[in-house]
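Comments concern the structure below.
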Amino acid sequence: MNMFTQNVKPRKRGRPPGQTPQGAVARDRLYATAMQLIAARGYEATTLRDIAKEAGVSVGLLYRYFPSKQAVVIALYDELSSEYARQAAEMPPGRWRDRFIFALNRSLRVLKPHQVALRALTPVLVGDPEEGIFSASTAFSRLRVQRVFEDAVAGSSDAPKQPLAEALGRLLYLVHLAVLLWWLLDKSSNQRATAALVSLTQQLLPSAALTLRVAPVRRFVISVDDLVREALFGSSVSA
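Under the working numbering, the sequence shown is numbered contiguously, ending at residue 265.
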């Protein structure tokens, strides 16, 4: 994973303007309570009244910090994508395929403590056009994470020329999302299947790097990226 009312604007993320230290503590407690209930009951079954009751506060106080369930999930997106971007800044130099594996493993590590809550949110993340990974209201988080994968390619020692580098970075971001979905659904012991999938992906990447030297493959990657941007990201792509 990308992780909600239409009225919530980017400025609503994080702490309200002028929030006191006591207010920050209250906000964090309400956020933690909301995520615990969503993890236990699911997104749809959890109401704001449930969250307020569990936290022992009035609904009015809860509204001050989280006017909707969407605001809670946006806060989760903000927290996870910000922490991921911070940790991804440690990406070592090297080939794009090695940097991609670093970015992928670091994403799994950042998300691991939140796996139960993210599993409960999977239908929202994947299927909701207004609150999911590819919605406009959560674009700030998606772009923050996507940029890591674009930089993994563009800043590599074997970076292809533009526009291929940018297209490849976006497609690797989608590969990363597919692995995350697999991880969320993985029921194998100690998630052995996810570790095996990452290993297989790593083994495939040298061959993928070689095929990018072939002109038709490069054109294919750029064309697929155009389709992805039009279908998933809502970008206008000229024919």
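Even for Gly, the Cβ is constructed at its ideal location relative to N, Cα and C. Just so we're clear, the structure is a prediction, and the values are computed from it rather than from any experiment.
### Task
Find the nearest neighbour of P119 within the set R173, F259, F246, A180, judged by alpha-carbon distance.
Relative to the Cα of P119, the nearest Cα in the group R173, F259, F246, A180 belongs to A180.
### Message
Here's the rule I'm using: 16 or more other beta-carbon atoms within 10 Å means buried, otherwise exposed. How should Q266 be labelled?
### Response
An answer regarding residue 266 cannot be provided, because it is not within the stretch 27 to 265 covered by the chain.
### Per-residue burial, D54 [other beta carbons within 10 Å of its own, 16 or more giving buried]
A residue is called buried once 16 or more other Cβ atoms fall within 10 Å of its Cβ, and D54, having fewer, is exposed.
### D124: first and last residue of the uninterrupted alpha helix (DSSP H) it sits in
Taken as a continuous stretch (DSSP letters only), the alpha helix (DSSP H) holding D124 covers 122-137.
### Query
By Cβ distance below 7 Å, which residues in the same chain neighbour W209 in space, the five residues on each side in sequence not counted?
Result list for W209: L134, Q217, T220, in chain order.
### Query
Under 8 Å between the Cβ atoms of V152 and L197?
The Cβ-Cβ distance between V152 and L197 does not fall below 8 Å.
### Task
From the DSSP output, in three-state form, read off F92 for me.
Residue state, collapsed to three classes: coil.
### Query
Secondary structure at Y57, three-state DSSP: helix, strand or coil?
Three-state DSSP puts Y57 in a helix.
### Query
Under three-state DSSP, which class holds P47?
Of the three classes helix, strand and coil, the one that applies to P47 here is helix, per DSSP.
#### Entry: CA-to-CA distance, S84 to L63, given in whole angstroms
When rounded, the distance between both Cα atoms is 17 Å.
### Message
For a test of the three-state rule: what should DSSP assign to L238, helix, strand or coil?
### Response
In the structure shown, L238 sits in coil (DSSP, three-state: anything other than H, G, I, E or B).
### Span of the alpha helix (DSSP H), counted from its first residue to its last, around Y292
Nothing in the structure corresponds to residue 292, since the chain is present only between 27 and 265.
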